[in-house]
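> Going by the UniProt record's numbering, the residue at position 617 of the sequence shown is 617; the numbering climbs one at a time, nothing skipped. Where is the CB? At the ideal position from N, CA and C, for every residue including glycine. For clarity, every value in this text was computed on a predicted model and none was experimentally measured. Dropping the structure in here first, questions after.
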Amino acid sequence: MSSDQFPSLYCLCLKIAVVDCANSCKFCKKEFRLLPDNVLFDFYNKMCLEKRLCLLGLEFSNLDVFKRMLRIKHKRRELLKMFQILTVHCSNVTELVSNYLKYINFDEPSVEMIDFGLRLGGFFKEGGWYLSSIQILKAVEDLCKKMECSVPLLLKLLDCYYKRIYVECYYCITNAEETMNSMLLVLKQLEQQNAVPNLSGVYANFATMYFLKSEYEQAYNWSQKALRLLNEDLPKRIIIDVLSQASKSCVVKRHFAQAELLIKQAMSLASQAYVIDKHPRYSDTLMDYGFFLLNSDFIQESVKVYERALSIRKEVFEKYNILVAIGHEDLAYAQYVNEYSSGQFYSPRIIIDVLSQASKSCVVKRHFAQAELLIKQAMSLASQAYVIDKHPRYSDTLMDYGFFLLNSDFIQESVKVYERALSIRKEVFEKYNILVAIGHEDLAYAQYVNEYSSGQFYSPRENAERAMRIMEKLLPRDHLLLASAKRVKALILEEIALDMREASSHQAQTDYLKESESLHQAALEISRRSFGERNVQTAKHYGNLGRLYQTMTQYKEAEQMHLKAISIKEELLGPNDYEVGLSVGHLASLYNYHMKRYHDAEKLYLRSIDISLRLFGDAYSGLEYDYRGIIHVYTELDDFDNMAIYSIKMREWRERRETQKTFKYPDKPENLTIVISKFFDLC
């Protein structure tokens, strides 16, 4: 019979304890907080499942209780899910931040306060509770500055900034550069002490900041720096993130070979996970194997084996056990030998972060080959680390993978990846969470691109509106994330309006177009306020307005918007960038179909086609619109020879699209050193 039909005695005890505690408080009198950390965690989890949320909220607002819950690292997914449920159903958990601030002001600053703050701020960061994370990490910064300066303290301050700049990139990017400058000052102090740690993850976060600010050259440069410092000893999540970000940077630079190399490695790593026999005797054998490896000069391998053995012992014996103590001691010595020359004492997650951010930077720089190389390695690592328990960090890597696929013209595949990422986030965070909102928005845009020619916009619109509803509940009205969601919805509404061709739909069409204009203008204003006039994001908003005004038959205004977008993009990205080609194609469409300026349209179409062919090849999906447009131009000009030439090109393009390869990442990751070597060979 199944375990569901016959629950274990342990599960029955947990259920009875929860019922007893909630109804008569008999168990409260027995002090359930005296339970060991793991058992208490299961008790709280059962309390959550039984919907005893008010009592659970009171418990989780207690700092000592939550500190214990943060120690249960192998059940982080369950903790995130419990916390998210509480944020929706009761307000007690918001007291965690205020209670921490009271706690650190009650006594003299201490390392314990700092360490707890770093863990708490990291937890909020992981769950997308960005404002709470920033508040905690700013308090940690103040604590560090109040204490006597030392190398260990500087490393903690650097870790604080490392976590905070990532959060600021997504919550208040205008503050991120100030945090970056603070980090550089700390690094100077560490250089003077000859104590600089591995900075791969730090550089990846710098790349993230510049990537989100659309300063793609800087993002690509920092991603390269992160990749040069990347090694197998860094945390797997960091490797995956670095690969993913570098792959994205390659995509936007259109270096597809490099992007493919990186993304395949990221996906391969992300698709794997550790399978461990949890019997303590197995850990005994692993300890012996680790001893052999360490003394046979297989030092990195010995560290991994010791970590595996210690993990098994901690799951069985928890904390206060001599076997666990011996496991910590042997692992510490192996790590000391392994890191002696490099000073790399970061957890394995840094590698994934660096890889993902470097991949993103490659995408925006159009270096697709490099972006692919990095994101594949990041995905492979993330799958290895997170796929079994569906940790939300795995969804982060999937989102980066979807970004690469969408920008590499694997549009249908990108939709599937975004759907998978959103599913993981919703399973953990349910509805009202910023990470879920971002998942809805990115999926909506991928669906919009995928359905552009079919006109099936119900699902994209639904996802865009869900993203906006969640963001409006959680964010200020002028927040950048909300502006991005508005942009996506505006694009979708415009396409829906275009499909309303009957006279009876005229008023509805007008309403849709007006709403779209309002959303685009709001997004443009936020972008100008945040980034300034001469910025790629601002230029994109001008281009979107140009397309909308073309639909609204305001052709002069449309031309002005397109010209403004082209001017900004050419200044920042050069004349042959993908973004420039996109805007040139839109202006060509305006001249062709609405302003009858066929010779001007011809020149622009030829330029757009040339950019697309050089960057994407002759099977690129975007060529369809340029080929259709230029065939129409030559038809109007009675240039039948060129019309025939491009009609043949159009037919050949369709044949290539039908045989286009599907994109897949390898199941097994490559050696990281080989991946990085391949990346720089492609530069």
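Is the segment 404-414 close to the segment 97-116, with three or more CB pairs under 8 Å?
no
> Please report how far the alpha carbon of L187 lies from the alpha carbon of E217, in whole angstroms.
23 Å
> Taking all protein chains shown into account, do 16 or more other C-beta atoms lie within 10 angstroms of the C-beta of H454, making it buried, or fewer, making it exposed?
Per the sequence shown, residue 454 should be read as Ser rather than His. With fewer than 16 other Cβ atoms within 10 Å, it is exposed.
> Just mark P460 as buried or exposed, buried being the case when its beta carbon has 16 or more other beta carbons within 10 Å.
So P460 counts as buried.
> Would DSSP call H367 helix, strand or coil?
strand
> Cβ of H255 within 9 Å of Cβ of R420?
no
> In chain order, what residues of the same chain lie with their CB nearer than 8 Å to the CB of F32, ignoring the 5 residues before and after it?
Leaving aside the five residues that flank F32 on each side, the residues in its chain whose CB is nearer than 8 Å to its CB run, in chain order, A17, C21, L40, F43.
> Start and end of the alpha helix (DSSP H) containing Q456?
Note, Q456: premise wrong, no alpha helix (DSSP H); not H, not E.
> According to DSSP, is A497 helix, strand or coil?
It is helical.
> CB K376 to CB L261, shorter than 9 Å?
yes
> Could you pull out every residue in the same chain whose Cβ sits closer than 7 Å to the Cβ of C144, ignoring the five residues on either side in sequence?
I114, L153, K156, L157, C160
> From the DSSP output, in three-state form, read off residue 684 for me.
Because the chain is modelled from 1 through 683, residue 684 falls outside the range shown and cannot be assessed.
> Excluding sequence positions up to five away, which residues of its chain have a Cβ less than 6 Å from the Cβ of E427?
none
> Can you check the segment 129-159 for any beta strand (DSSP E) of at least 3 residues that lies completely inside it and give the ranges in chain order?
none
> What does the alpha-carbon distance come out to for the pair S516 and I492?
Rounded to whole angstroms, S516 to I492 spans 8 Å at the Cα level.
> Identify, in the order they occur along the chain, each residue of the same chain with its Cβ nearer than 7 Å to the Cβ of F123, setting aside the five sequence neighbours on each side.
L70
> Between E579, H632, I566, L582, which has its C-alpha nearest K596's C-alpha?
For K596, the closest alpha carbon among the candidates E579, H632, I566, L582 is that of H632.
> Can you determine whether any heavy atom of the ligand MG sits closer than 8 Å to the C-beta of A207, and answer yes or no?
Within the structure as shown, the ligand MG is missing, as the structure has no ligands at all.
> Residue ranges of each alpha helix (DSSP H) run of no fewer than 4 residues wholly in the UniProt repeat "TPR" (200-233), ordered along the chain?
Scanning the UniProt repeat "TPR" (200-233) from its first residue to its last, the whole alpha helix (DSSP H) runs of 4-plus residues come out as 200-212, 216-229.
> Inspect the beta-carbon positions of A437 and L474 and report whether they are closer than 9 Å.
Cβ distance < 9 Å, so A437 and L474 count as in contact.
> Taking a contact to mean a Cβ-Cβ separation below 9 Å, would you say P235 touches D107 in this structure?
no
> What residue does the alpha helix (DSSP H) around F410 start on, and which one ends it?
That residue, F410, is in no alpha helix (DSSP H); it is neither H nor E in DSSP.
> From which residue to which residue does the alpha helix (DSSP H) around G581 run?
578-593
> Counting Cβ pairs, one atom from each stretch, are 3 or more of them under 8 Å apart for the segment 532-539 and the segment 554-563?
no
> Tell whether a beta-carbon distance below 9 Å holds between L443 and L422.
yes
> Cα-Cα, which of L56, K678, S395 is closest to L373?
Cα-wise, what sits closest to L373 is K678.
> Inspect the beta-carbon positions of L355 and V242 and report whether they are closer than 9 Å.
yes
> Mind checking D511: buried by the 16 CB within 10 Å criterion, or exposed?
That one is exposed.
> Near V50, which residues of its chain fall below 8 Å by C-beta distance, leaving aside the five closest residues on each side in sequence?
Just to set this straight, residue 50 is Glu in the shown sequence, not Val. If we look at E50 and ignore the five residues flanking it on each side, its Cβ neighbours are K15, V18, V19, A22.
> Flag this pair as yes or no: are the beta carbons of L573 and I526 separated by less than 9 Å?
no
> Return the Cβ separation of L130 and Y170 in integer angstroms, given the expectation that the two are a contact with Cβ distance under 8 Å.
This sequence places Tyr at residue 130; Leu is not what is there. Going by Cβ atoms, the distance from Y130 to Y170 rounds to 6 Å, so yes, they are a contact pair.
> Report all residues from its chain with a CB closer than 6 Å to the CB of E602; omit the five preceding and five following residues, and keep chain order.
V633
> Return helix, strand or coil for H255, following the three-state DSSP convention.
DSSP places H255 in coil when its eight states are reduced to three.
> List the DSSP bridge partners of I238.
I352
> Taking DSSP as the reference, what is the three-state secondary structure of Y432?
In the structure shown, Y432 sits in coil (DSSP, three-state: anything other than H, G, I, E or B).
> Determine contact between the segment 224-233 and the segment 175-191, defined as no fewer than three beta-carbon pairs at a distance below 8 Å.
no
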